[in-house]
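Quick note on numbering: the sequence shown equals residues 8 to 143 in the numbering used here.
Quick reminder that beta carbons are idealized off the backbone N, C-alpha and C, glycines included.
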Amino acid sequence: MHEDLLLLTLNEKWKVNIPFGWIPITGDEKIEDTEIYQSYYFGKYITELKEIIQNLFNVSMLYEVVDGGSVERKIIADCEIRYDGLEYLYTDENCRFVIYCSHESSTTIGGKELIDAIHIMWPEYIEHIWTTPFYD
8 MHEDLLLLTL NEKWKVNIPF GWIPITGDEK IEDTEIYQSY YFGKYITELK EIIQNLFNVS
68 MLYEVVDGGS VERKIIADCE IRYDGLEYLY TDENCRFVIY CSHESSTTIG GKELIDAIHI
128 MWPEYIEHIW TTPFYD
């Protein structure tokens, strides 16, 4: 998929506005089928998350959209899925889900199937929902 088409699809399905990011935290409009987790705790489950994505969506590659709008297709194992001074967004070629790692110490997940699988993998997720103001 061409990166322009990917960005348009992300905007259409998830209201992602690249290169400015995805801000379901502060937006006026609720985005259906999203949850925002505290990154510190969510980050402990990245290996399991990658396995869930591979099995649930039958994919081995993800698109990685980096703060500023650059897009790269990567093998799931090579996706770090974390904030490192730049914000990252991950999705598959059909944009069935979104993972957004942001500077607010938050990781936002979009996609009911993925959220349901996360709840099974991580039963105590409810204790680590990101809220504002956020304090560790």
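Practice item. Can you have a look at Asp-74 and say buried or exposed, based on whether 16 or more other CB atoms are within 10 angstroms of its CB? Key: Within the sequence shown, residue 74 is the residue found at index 67, counting from 1. Its Cβ being crowded by 16 or more others within 10 Å, Asp-74 is buried.
**Study point:** As assigned by DSSP and simplified to three states, the class of Tyr-127
**Key:** Residue mapping note: residue 127 aligns to position 120 of the sequence shown, counting from 1. For the sequence presented, residue 127 should be read as Ile rather than Tyr. Three-state DSSP puts Ile-127 in a helix.
Review point. So, using beta-carbon positions, are Glu-131 and Tyr-97 closer together than 8 Å?
Key: On the sequence shown, position 124 is the one that residue 131 refers to. On the sequence shown, position 90 is the one that residue 97 refers to. The answer is no: Cβ separation not under 8 Å.
Exercise for review: Take Glu-136 as the anchor and find which of Ser-46, Val-66, Ser-67, Cys-86 has the nearest alpha-carbon.
Suggested key: The residue given as residue 136 occupies position 129 in the sequence shown. Looking at the sequence provided, one finds Ile at residue 136 rather than Glu. Checked all of Ser-46, Val-66, Ser-67, Cys-86; the closest Cα to Ile-136 is Ser-46.
Review point. Does the stretch 80 to 91 come close enough to the stretch 41 to 59 that 3 or more CB-CB pairs lie under 8 Å?
Key: yes
Check your understanding: For the candidate residues Glu-36, Lys-20, Ile-43, whose alpha-carbon lies nearest to that of His-110?
Key -> Looking up residue 110 in the sequence shown gives position 103. His-110 has its Cα closest to that of Ile-43, out of Glu-36, Lys-20, Ile-43.
**Study point:** Ser-113 burial status per 10 Å Cβ neighbour count (16 or more: buried)
**Key:** The residue labelled residue 113 in the question sits at position 106 within the sequence shown. Looking at its Cβ environment, which holds 16 or more other Cβ atoms inside 10 Å, Ser-113 is buried.
**Study point:** Continuous beta strand (DSSP E) stretch holding Ser-77: start and end
**Key:** Looking up residue 77 in the sequence shown gives position 70. Note, Ser-77: beta strand (DSSP E), 77 to 82.
**Study point:** Rounded straight-line distance, which links the Cα of Leu-13 to that of Thr-41
**Key:** Along the sequence shown, read from residue 1 onward, the residue named residue 41 stands at position 34. Along the sequence shown, read from residue 1 onward, the residue named residue 13 stands at position 6. Their backbone Cα atoms lie some 19 Å apart in a straight line.
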